[in-house]
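Remarks on the structure that follows.
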Ligand SMILES: [Fe+2]
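Structure below.
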């Protein structure tokens, strides 16, 4: 496990990398990298689990549309990548990140954790309980995602909501080549008929340093 300081440095490095990949015969397209943005928490919260809708010591639930976010992390041959730490961070229903540089004029939702982590299981699966991403001034709704393969530069990207019309005007989403934009989209749909909660699936395809070709 990388310590926090090391992770912050690596996140900074990853933030300036953008990936352009090409299709390789018989392999999957890798998920595009994106910048980490300025709001990665400088200090991770003590309650840092994979349920962002509850905060230790509080009885309330995060405001917003509760959503079950899950997926798999695989290599370009579709092989599961177990034991990988995956983190997400996002703003709360009021558009407020958990970061000291954030705009204090927006009310904070004290029941939203803001950041969480999970570790992929033997099948490369991960899961978070969070809220459907909310708008942030100047941005379309998004969730920041980082994966930490041991000994490698963290993989950093952003997840967007499929069919959200604000994606069309988002400079970061539109920086992705059209034919690769679907790789960063997750559909948030009702978990059950007439249920208020949503579920979304977001798979991540990583190039590997173990002999599989790098796509960029
Ligand atoms: Fe952001």
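Residue numbers (this note's numbering): 115 to 330. C-beta atoms are modelled at their ideal positions from N, C-alpha and C, and glycine is treated no differently.
Rounded C-alpha distance that separates residue i from residue j
i, j, result
"residue 272", "residue 149", "8 Å"
"residue 258", "residue 164", "14 Å"
"residue 244", "residue 283", "25 Å"
"residue 281", "residue 239", "27 Å"
"residue 189", "residue 322", "7 Å"
"residue 198", "residue 230", "14 Å"
"residue 162", "residue 141", "34 Å"
"residue 292", "residue 300", "16 Å"
"residue 310", "residue 302", "11 Å"
"residue 181", "residue 152", "24 Å"
"residue 312", "residue 304", "4 Å"
"residue 248", "residue 176", "12 Å"
"residue 191", "residue 306", "32 Å"
"residue 290", "residue 264", "27 Å"
"residue 159", "residue 266", "24 Å"
"residue 204", "residue 256", "7 Å"
Whole-Å CB distance - residue i paired with residue j, under 8 Å assumed
i, j, result
"residue 106", "residue 155", "Any question about residue 106 goes unanswered here, given that the chain covers just 115 to 330."
"residue 145", "residue 297", "5 Å"
"residue 179", "residue 242", "Actually they do not touch by this definition, with Cβ atoms about 14 Å apart."
"residue 319", "residue 143", "7 Å"
"residue 227", "residue 169", "5 Å"
"residue 314", "residue 195", "With 8 Å as the limit, residue 314 and residue 195 do not qualify as a contact, their Cβ atoms being about 20 Å apart."
"residue 254", "residue 277", "No, residue 254 and residue 277 are not in contact; Cβ-Cβ is about 11 Å, not under 8 Å."
"residue 223", "residue 208", "6 Å"
"residue 237", "residue 186", "7 Å"
Residue i - partner residues in DSSP beta bridges
i, result
"residue 273", "257"
"residue 229", "203"
"residue 250", "253"
"residue 188", "194 and 319"
"residue 262", "199"
"residue 87", "What is shown of the chain runs 115 to 330, which leaves residue 87 out entirely."
"residue 165", "243"
DSSP three-state assignment for residue i, whether helix, strand or coil
i, result
"residue 241", "strand"
"residue 213", "coil"
"residue 142", "coil"
"residue 183", "strand"
"residue 287", "helix"
"residue 282", "helix"
"residue 312", "strand"
"residue 322", "coil"
"residue 299", "strand"
"residue 116", "At residue 116, the pLDDT of 35 sits below 50, so the modelled position is not reliable; the number obtained from the coordinates is stated separately. It is coil, neither helix nor strand."
"residue 292", "helix"
"residue 135", "With a pLDDT of only 40 at residue 135, under 50, the local geometry of the prediction cannot be trusted, and the value read off the model is given with reservation. Residue 135: coil per DSSP, three-state reduction."
"residue 154", "coil"
* Taking contact to mean at least 3 C-beta pairs separated by less than 8 Å, is the stretch 261-275 in contact with the stretch 214-223? -> no
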